[in-house]
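Residue numbers (the numbering used here): 204 to 326.
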């Protein structure tokens, strides 16, 4: 039987790692995305971390289920079907696997995320 252990990370300071948006998905501006996976399950199917993005507009296709908690900034997310969601500090949201969305980052945004992937997630 494997031993269970809590994973914890102290306060994250400084720049996050580059996590570029697919260039063909950028719709307006020059959004720069950064992020880091901070903790991960042994099978790498569940990952949590931080992600940030500067202002701009882009398409995003979710290749995983994702839960987010917005720490700072403001973003409007429009689903392909037309539903619009405004998120700001303190807001939480779930994005299901396969969702196609359009992001308009009004103010540089920073979020905590947890993703569940169908295959092990390795950067």
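For each residue, glycine too, the CB sits at the ideal point set by N, CA and C.
Cβ-based neighbour list, residue 221, same chain, cut-off 7 Å, excluding 5 preceding and 5 following | Numbered from its first residue, the chain shown carries residue 221 at position 18. These residues qualify, in order along the chain: 237.
Starting from residue 276, trace the beta strand (DSSP E) both ways and give me its first and last residue.
-> The residue you call residue 276 lines up with position 73 of the chain shown. It spans 268-282 - the beta strand (DSSP E) in which residue 276 sits, taken as one unbroken run.
May I ask you to verify whether the stretch 250-261 touches the stretch 286-299, counting CB pairs closer than 8 Å and requiring at least 3?
-> no
Residue 316 to residue 270 span [Cα, whole Å] = Walking along the chain shown from the start, residue 316 turns up at place 113. Walking along the chain shown from the start, residue 270 turns up at place 67. Answer to the nearest angstrom: the Cα atoms are 6 Å apart.
Residue interval of the beta strand (DSSP E) (run including residue 260) | Taking the chain shown and counting its residues from 1, the one referred to as residue 260 is at position 57. Looking at the DSSP string, the run of the beta strand (DSSP E) that includes residue 260 is 259-264.
Segment limits, beta strand (DSSP E) that includes residue 250 = Position 47 of the chain shown, counting from 1, holds the residue named residue 250. Element bounds for residue 250: 249-256.
Would you say residue 324 and residue 267 are within 9 Å of each other, going by their C-beta atoms?
-> If you number the chain shown from 1, residue 324 lands on position 121. If you number the chain shown from 1, residue 267 lands on position 64. Taking 9 Å as the Cβ cut-off, residue 324 and residue 267 qualify as a contacting pair.
Which of helix, strand or coil does DSSP assign to residue 227?
-> The residue given as residue 227 occupies position 24 in the chain shown. The DSSP-derived three-state label of residue 227 is helix.
For residue 320, write down the residues that DSSP places opposite it in a beta bridge.
-> As a first step, residue 320 is located in the chain shown; it is residue number 117 there, counting from the start. Residue 320 is not bridged to any residue.
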